[in-house]
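K.L.:
Have a look at this one.
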Amino acid sequence: MTEVIAAAPRPAWKPSHPGALLREEVVPALHMPVTKVAEALQVSRQTLHAILAERAGVTAPMAVRLGKLCGNGPDFWLRMQQAHDLWEAERELAEVVERIPTLTEA
């Protein structure tokens, strides 16, 4: 018999985008202009700015870079992005998902 694993409940509030944490906490704590932070990460200023402005998400390669820069590893940044993305997707697709049946054993 197949065991069913229940989904973990999602928070009622929108999880922060990693760009918000970078913009509000990390970059100011570094006492460096965004251009210098981008240089340290070896990415363009535009790439970093898109994340800081929450127009782009943190990809796995960027998470590796941020994890090294901040000393906390890539998992933190990817989990933060994933929580944000799932929260948004579940709300955007709520009506569609409501019509999708959940498969059960015959």
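First residue of the sequence shown? That's 8 in our numbering, and the numbers climb one at a time after it. Here a beta-carbon is modelled for each residue, glycine too, at the ideal position from N, C-alpha and C.
Just to confirm before moving on: does the CB-CB distance between Leu73 and Trp84 stay below 8 Å?
P.N.:
Yes.
K.L.:
By DSSP, does Thr2 sit in helix, in strand, or in coil?
P.N.:
The requested residue 2 is not part of the displayed model; the chain covers only 8 to 113.
K.L.:
Using CA atoms only, rank isn't needed, just tell me which of Gly80, Val103 and Ala27 is closest to Gly64.
P.N.:
Answer by Cα proximity: Ala27.
K.L.:
Taking the alpha helix (DSSP H) that Gln89 falls in, what are its first and last residues?
P.N.:
Gln89 -> alpha helix (DSSP H) spans Pro81 to Glu99.
K.L.:
How long is the line joining the alpha carbons of Ala70 and Met87, rounded to whole angstroms?
P.N.:
Computed Cα separation, rounded: 10 Å.
K.L.:
First and last residue of the alpha helix (DSSP H) that includes Lys21?
P.N.:
Note, Lys21: premise wrong, no alpha helix (DSSP H); not H, not E.
K.L.:
Got a sec? Which residues, its chain only, sit under 6 Å from Pro22 by beta carbon, not counting five neighbours each side?
P.N.:
Taken in chain order, the residues that qualify are Ala90, His91 and Trp94.
K.L.:
Between Ala6 and Leu55, how many whole angstroms is the CB-CB distance? I'm expecting something under 8 Å.
P.N.:
Outside the displayed span of the chain (8 to 113) sits residue 6, for which this structure offers no information.
K.L.:
Near Glu99, what residues of its chain come up, given a Cβ to Cβ distance below 7 Å and the 5 sequence neighbours on each side ignored?
P.N.:
Nothing listed; no residue qualifies.
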